[in-house]
Ligand SMILES: [Zn+2]
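Take a look at the structure:
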């Protein structure tokens, strides 16, 4: 089929036989419910893939449920070809298997995570690996981590912000996108990324292909390195963005920039001129930190103006705005 597949011959080349192989490999003594362990639940349906419904816990499952392949849209034959490949770099997988660039990065990350050579041992590792690479990494961490183990205690706030962005974008992202999300300049971000790469937390794919319009674009793509070092680092990196040194007091704090819709560039908004627009983005946003900041820092007029609008007159938001207005009237 291809250079990758020829290197080692995968056990199946079409979808039906790949599924049959996977079922036999995963459950050599007969199908077992991955949730409760009940044996022989009986085939329920045969859509594009075999599906079972457990007779005792009623959960539905397929041959890939609760494995690294869980929820993947790529066919099983392609997964097997990748699992049996030596060269698992994303562009190679994309080309050889005819899959999209984002899909190739997901497959590559899962294979890299397994740390196994091509073939059955790698497949066996993938069957017990979580499909979300950060959860898979976390599962390997030692149960007790002491504060003195913290490998990122010496990182600057910028380096931490960049690391947090990489964690939230596992498929990889450009320097400009990291800068935007971290609230840093592109030059500063580049320095942080290079530092993180030296420490083994980040890696750069120099000529990654990303979808662009009807074609694709070749860019340098930064991603979290799926190493033991970064797994430990992640355990010490809080999920809430940490404050980045704020160089512009009449603007929106950088850690809130990610909460703005496309169309309003938080970097360029100024206070108090753009207070109303900032209020509209933060008051009803997904993160309570943004709401609290807006209620405490935006001019009272902007909050009042929002309060009269549709959507902001509904609970529980309305009473939060009222309470903040009352509190600030007293202060
Ligand atoms: Zn069950």
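Residue numbers (the working numbering): 1255 to 1585. Glycine residues also receive a C-beta, built at the ideal position from the N, C-alpha and C atoms.
Separation of residue j from residue i, as counted between CA atoms
i: residue 1346; j: residue 1563; result: 53 Å
i: residue 1478; j: residue 1418; result: 9 Å
i: residue 1265; j: residue 1475; result: 33 Å
i: residue 1526; j: residue 1405; result: 40 Å
i: residue 1306; j: residue 1379; result: 23 Å
i: residue 1387; j: residue 1455; result: 14 Å
i: residue 1581; j: residue 1541; result: 22 Å
i: residue 1453; j: residue 1462; result: 22 Å
i: residue 1522; j: residue 1446; result: 23 Å
i: residue 1376; j: residue 1304; result: 23 Å
i: residue 1276; j: residue 1393; result: 24 Å
i: residue 1293; j: residue 1492; result: 41 Å
i: residue 1593; j: residue 1310; result: The shown model of the chain, from 1255 to 1585, leaves out residue 1593, and the question about it has no answer.
i: residue 1440; j: residue 1545; result: 28 Å
i: residue 1291; j: residue 1322; result: 19 Å
i: residue 1368; j: residue 1430; result: 30 Å
i: residue 1414; j: residue 1298; result: 48 Å
i: residue 1256; j: residue 1518; result: For residue 1256, the predicted model reports a pLDDT of 46, less than 50, meaning its position is unreliable and no value from the coordinates is stated.
i: residue 1443; j: residue 1437; result: 9 Å
i: residue 1317; j: residue 1407; result: 42 Å
i: residue 1511; j: residue 1301; result: 44 Å
i: residue 1584; j: residue 1514; result: 30 Å
i: residue 1520; j: residue 1549; result: 17 Å
i: residue 1373; j: residue 1340; result: 9 Å
i: residue 1350; j: residue 1420; result: 27 Å
i: residue 1344; j: residue 1336; result: 10 Å
i: residue 1327; j: residue 1272; result: 15 Å
i: residue 1211; j: residue 1543; result: Missing from the structure shown is residue 1211; the chain here goes from 1255 to 1585 and no further.
i: residue 1596; j: residue 1490; result: Residue coverage of the chain in this structure runs from 1255 to 1585, which leaves residue 1596 outside it and unanswerable.
i: residue 1319; j: residue 1289; result: 10 Å
i: residue 1296; j: residue 1416; result: 49 Å
i: residue 1565; j: residue 1384; result: 39 Å
i: residue 1573; j: residue 1325; result: 41 Å
i: residue 1570; j: residue 1263; result: 60 Å
Helix, strand or coil at residue i according to DSSP, with G and I counted as helix
i: residue 1315; result: strand
i: residue 1402; result: helix
i: residue 1286; result: strand
i: residue 1472; result: strand
i: residue 1346; result: helix
i: residue 1365; result: helix
i: residue 1281; result: coil
i: residue 1300; result: strand
i: residue 1255; result: The predicted position of residue 1255 is uncertain, since its pLDDT is 44 and thus under 50; a value taken from the coordinates is nonetheless stated next. Three-state DSSP puts residue 1255 in coil, outside helix and strand.
i: residue 1338; result: coil
i: residue 1574; result: helix
i: residue 1305; result: strand
i: residue 1322; result: coil
i: residue 1407; result: coil
i: residue 1585; result: coil
i: residue 1293; result: strand
i: residue 1310; result: coil
i: residue 1382; result: coil
i: residue 1358; result: helix
i: residue 1329; result: coil
i: residue 1220; result: For residue 1220 there is no data in the structure shown, the boundaries of the chain being 1255 and 1585.
i: residue 1412; result: helix
i: residue 1263; result: coil
Residue-level contact to chain D via CB, residue i, 8 Å cutoff
i: residue 1432; result: Absence of chain D from the displayed structure is noted, only one protein chain being present.
Query raised in the report: Does the stretch 1485 to 1492 come close enough to the stretch 1457 to 1475 that 3 or more CB-CB pairs lie under 8 Å?
Result: Short answer: they don't touch.
Query raised in the report: Could you name the residues, in chain order, whose CB is less than 6 Å away from a heavy atom belonging to ligand 1?
Result: Per the Cβ criterion, the list is 1287, 1289, 1290, 1292, 1308, 1310, 1311 and 1313.
Query raised in the report: Does the stretch 1328 to 1335 come close enough to the stretch 1265 to 1279 to have 3 or more Cβ pairs within less than 8 Å?
Result: The stretch 1328 to 1335, when compared against the stretch 1265 to 1279, does touch it at the 8 Å Cβ threshold.
Report task. Mind the definition here: the stretch 1553 to 1572 touches the stretch 1535 to 1542 only if three or more C-beta pairs lie below 8 Å; say whether that holds. Result -> Yes, the stretch 1553 to 1572 touches the stretch 1535 to 1542.
**Report entry** Every unbroken beta strand (DSSP E) inside the stretch 1418 to 1482 [3 residues or more]
**Finding:** Fully enclosed beta strand (DSSP E) runs of 3 or longer: 1456 to 1466 and 1469 to 1478.
Requested in this report: Say whether the stretch 1278 to 1293 touches the stretch 1355 to 1364, bearing in mind that this needs 3 or more beta-carbon pairs closer than 8 Å, one atom from each stretch.
Outcome: Between the stretch 1278 to 1293 and the stretch 1355 to 1364 there are fewer than three C-beta pairs closer than 8 Å, too few to call the two in contact.
Report task. Within the stretch 1491 to 1570, note down every full alpha helix (DSSP H) run reaching 4 residues or more, in order along the chain. Result -> Annotation: the stretch 1491 to 1570 contains the following complete segments of the alpha helix (DSSP H) (minimum length 4 residues), in chain order: 1529 to 1537, 1542 to 1551 and 1554 to 1561.
Query raised in the report: Touching or not, the stretch 1422 to 1432 and the stretch 1364 to 1372, by the rule of three or more beta carbon pairs under 8 Å?
Result: No, the stretch 1422 to 1432 is not in contact with the stretch 1364 to 1372.
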